[in-house]
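To start, the structure under review is shown below, and the notes come after it.
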DNA sequence: GAGTTCACTCGCACACTGTACGAGAATCCT
DNA sequence: AGGATTCTCGTACAGTGTGCGAGTGAACTC
């Protein structure tokens, strides 16, 4: 009756000498940041730590388990403020931006959102904080969960394709004009899409995305607020 | 100056005899539905088609390219109605539900959202239709794109973790009570999360999720509508 | 001090992956 | 008939996660 997540299993009895689990996870995150999800192999990670590949299996039952740990470490970088001070909208907004930034900083984590459950302590801490924010806002019962899920969905849903686009198109930098021409060809049969391509949205992707994110976030918050007043 | 997406490359000169590309992609989707993303290997797919593994490389440059094609075929199952008849809110809402259902039907596609750009003709068609809906609603210029991105983000962001949870927890069915107990332990230090676990949200996950999705969708639409009136 | 136990390391092996290569077969064009 | 083009596929290579079991060292017990 063993579950597939690390977090639902009894942790390994402690013991401090030799390598530690944190050290391994830290090195894994570093490697993931540098070389991406495909760049992480047990052999490479072992080499980086001056250890044999299979030594790591003492600390970690499986590679997926290691990824779960690394994934939760990413959640640990997200910062949540107290909603009592700044009001729930600002608190939620700041948390949303923090989540986005963290994922952009660790692009590989975007892939894991769809693959691993977020049950680690850091994920718990963030979700807990967000729930508190929505309670302060006035949500009660199940709607607290719904609001939390909704906002998390928005942030991840917006950020994941952002990362996807960067990693696919950014691997080898292309001439922007050439890229735009290629996309134009793909969109040729779809008038709406074509119009979208022709707009200036391609000029400075960075700020356009930021604007887009804020637009959606604002909408989201407005929509949630409306649930409270009626 | 080659791009990494199939859609940005010149298609292979036609020629119909022997196997066809559609046949291969169809078989791939079938295999993916049955065995998941890890269940698809070129050798298995070749065997399924009565062909050698490497024969497929005539029709497809790489496995990722095959996945791009399969991914777009999934987009092809999403249905969009004309917003002029039913009004933009109903049209968008129906499309959102369709998108969710399609992904739930092809869980492996959830993984690909974060890995491949959606540049295929079917993805184009869906995005095009959604843009038209928001134009009917009254959006103009860049905000059409923003609204489209926002709604797509919500739908994917909500559905991806749904799939993730199912695949991790559903592989081996567990006693729900036991699972709840395990989760309770993980949430022990986080009062908000604990409260969430203790609620009845675990009784019938299916309908709860549906409710949650509709809650968020409603919020999203309200929030977007608000952008129009002010 | 001797012996035993336990925490840890790691080389080897296995089954499996994507795909480059190049030789062969089949088909079509002239 | 001959040549070109389209298509098939066996072999091979480098790489993957990880099970196994033998080995090492330190700590604890008698």
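Protein chains in written order, with UniProt numbering: chain A, 1 to 230; chain B, 1 to 230. Here a beta-carbon is modelled for each residue, glycine too, at the ideal position from N, C-alpha and C.
Which of helix, strand or coil DSSP assigns to residue i
| i | result |
| --- | --- |
| residue 72 of chain B | helix |
| residue 215 of chain A | helix |
| residue 176 of chain B | helix |
| residue 35 of chain B | helix |
| residue 138 of chain B | coil |
| residue 5 of chain A | coil |
| residue 197 of chain A | helix |
| residue 232 of chain B | Shown here, chain B extends from 1 to 230; a query on residue 232 of chain B therefore has no answer. |
| residue 22 of chain B | helix |
| residue 59 of chain A | coil |
| residue 41 of chain A | coil |
| residue 123 of chain B | helix |
| residue 170 of chain A | helix |
| residue 78 of chain A | coil |
| residue 51 of chain B | coil |
| residue 230 of chain B | coil |
| residue 161 of chain B | helix |
| residue 149 of chain B | helix |
| residue 89 of chain A | helix |
| residue 105 of chain B | helix |
| residue 96 of chain B | helix |
| residue 28 of chain A | helix |
Beta carbon proximity, residue i to chain B, threshold 8 angstroms
| i | result |
| --- | --- |
| residue 222 of chain A | yes |
| residue 1 of chain A | Because residue 1 of chain A carries a pLDDT of 49, less than 50, the predicted location of this residue cannot be relied on, and the following value inherits that uncertainty. With 8 angstroms as the cut-off, residue 1 of chain A counts as an interface residue toward chain B. |
| residue 111 of chain A | yes |
| residue 192 of chain A | yes |
| residue 182 of chain A | yes |
| residue 98 of chain A | no |
| residue 55 of chain A | no |
| residue 4 of chain A | yes |
| residue 176 of chain A | no |
| residue 61 of chain A | no |
Min CB distance residue i to chain A below 8 angstroms
| i | result |
| --- | --- |
| residue 21 of chain B | no |
| residue 196 of chain B | yes |
| residue 94 of chain B | no |
| residue 74 of chain B | no |
| residue 128 of chain B | yes |
| residue 216 of chain B | yes |
| residue 69 of chain B | no |
| residue 79 of chain B | no |
| residue 205 of chain B | no |
| residue 7 of chain B | yes |
| residue 229 of chain B | no |
| residue 41 of chain B | no |
| residue 168 of chain B | yes |
| residue 212 of chain B | yes |
| residue 105 of chain B | no |
| residue 31 of chain B | no |
| residue 89 of chain B | no |
| residue 219 of chain B | yes |
Residue i CB to nearest heavy atom of the ligand NAD below 7 angstroms
| i | result |
| --- | --- |
| residue 22 of chain B | Judged by which ligands are present, the structure shown has none, so any question about the ligand NAD falls away. |
Assumed close pair residue i, residue j - CB separation to whole angstroms, cut-off 8 angstroms
| i | j | result |
| --- | --- | --- |
| residue 191 of chain A | residue 136 of chain A | About 46 angstroms separates the two Cβ atoms, so there is no contact after all. |
| residue 146 of chain A | residue 215 of chain B | 4 angstroms |
| residue 168 of chain A | residue 100 of chain A | Going by Cβ atoms, the distance from residue 168 of chain A to residue 100 of chain A rounds to 19 angstroms, so no, they are not a contact pair. |
| residue 138 of chain A | residue 228 of chain A | 5 angstroms |
| residue 24 of chain A | residue 71 of chain A | With 8 angstroms as the limit, residue 24 of chain A and residue 71 of chain A do not qualify as a contact, their Cβ atoms being about 14 angstroms apart. |
| residue 8 of chain A | residue 186 of chain B | 7 angstroms |
**Message:** Counting only Cβ-Cβ distances shorter than 9 angstroms, please list the residues of the segment 131-156 of chain A near chain B, keeping chain order.
**Reply:** 131, 132, 135, 141, 142, 143, 144, 145, 146, 147, 148, 149, 150, 151, 152, 153, 154, 155 and 156
**Request:** Answer yes if the segment 23-39 of chain B comes into contact with the segment 218-230 of chain A, meaning at least three C-beta pairs across the two stretches below 8 angstroms, and no otherwise.
**Result:** The segment 218-230 of chain A vs the segment 23-39 of chain B: no contact.
**Request:** Would you check if there are 3 or more beta carbon pairs closer than 8 angstroms linking the segment 68-78 of chain A to the segment 122-136 of chain A?
**Result:** yes
**Request:** Specify whether the segment 41-56 of chain A and the segment 101-114 of chain A touch according to this definition: at least 3 beta carbon pairs, one from each stretch, less than 8 angstroms apart.
**Result:** At 8 angstroms Cβ cutoff, the stretches do not touch.
**Contacting positions in the segment 114-127 of chain B - beta carbon closer than 9 angstroms to chain A** = 114, 115, 116, 117, 118, 119, 120, 121, 124, 125 and 127
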